[in-house]
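A.B. asks: Have a look at the structure that comes next, please.
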DNA sequence: GGTCGGATCATCT
DNA sequence: GATGATCCGACCG
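Residue numbers (this note's numbering): 76 to 275.
Rendered as structure tokens:
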């Protein structure tokens, strides 16, 4: 459903694993730069707390300026710079003082696809639509997300998440997270089964 | 199809 | 000084 109300704090104020699963099928509505783009979340990863060694807020790291948003209230965007190049979007979950978040790993374009194509390929022929948001760095570009949105409440423009399509228990896959070097076997990555926009 | 190296920088050792 | 929740283009087969 397009135009649904934003997800509320109660949705986010749960363990990251539950939020990661339930974010599948919901819609990101971005009005960054006066252009509206809407995309369905098709892949997520949970970073479940200080005991999660792969988390930016793992116990051995503690609270730093980068991960400060993860320690705050649920329902806010945690955005970080990846490999010095990409902006990656997370959603803060659980409770204040307990750092947990869900990384959005892939999206499927729903509206504003021309804007997304232009942002992704400004100086060359557009690639296939399945490459617009099939990865955390890619979807950041497509939706116009930058570090200035770190700490932004996701119930407000210009970046919101609203209810979308309910993804049933047999229509998603759960498996190991991608690109990490610790806790590589923890099954905290969720994706819509068979969706061509999933990163892998 | 697959593998490899470069880009680029905030954060941490 | 090294690392990393990545991506892309080049090259190989």
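Cβ coordinates follow ideal geometry from the N, Cα and C atoms, glycine included.
I'd like to check one pair, residue 116 with residue 188: are the Cβ atoms closer than 8 Å?
C.D. replies: Within the first chain, residue 188 is the residue found at index 113, counting from 1. Within the first chain, residue 116 is the residue found at index 41, counting from 1. No, the pair does not count as a contact, with Cβ atoms beyond the cut-off.
A.B. asks: What is the DSSP secondary structure of residue 184, counted as helix, strand or coil?
C.D. replies: Position 109 of the first chain holds residue 184. DSSP places residue 184 in strand when its eight states are reduced to three.
A.B. asks: Quick check on the DSSP output: the alpha helix (DSSP H) that includes residue 242 runs from which residue to which?
C.D. replies: By 1-based counting over the first chain, the position of residue 242 is 167. Element bounds for residue 242: n/a, residue is neither H nor E.
A.B. asks: Rounded to the nearest angstrom, what separates residue 96 and residue 119 at their Cα positions?
C.D. replies: The residue you call residue 96 lines up with position 21 of the first chain. The residue you call residue 119 lines up with position 44 of the first chain. Roughly 8 Å separates the two Cα atoms.
A.B. asks: Considering only the beta carbon of each residue, do residue 167 and residue 144 sit closer than 8 Å?
C.D. replies: Locating residue 167 in the first chain gives position 92, counting from the first residue. Locating residue 144 in the first chain gives position 69, counting from the first residue. Closer than 8 Å, so yes.
A.B. asks: Skipping 5 residues on each side, what residues in its chain have a beta carbon closer than 7 Å to that of residue 129?
C.D. replies: Taking the first chain and counting its residues from 1, the one referred to as residue 129 is at position 54. Only 122, 252, 255, 257, 258 meet the Cβ criterion.
A.B. asks: What does DSSP give as the partner residues of residue 274 in its beta bridges?
C.D. replies: Residue mapping note: residue 274 aligns to position 199 of the first chain, counting from 1. DSSP lists no partner for residue 274.
A.B. asks: Taking the alpha-carbon positions, what's the residue 89 to residue 200 distance?
C.D. replies: Position 14 of the first chain, counting from 1, holds the residue named residue 89. Position 125 of the first chain, counting from 1, holds the residue named residue 200. Using only the alpha carbons, I get a separation of about 42 Å.
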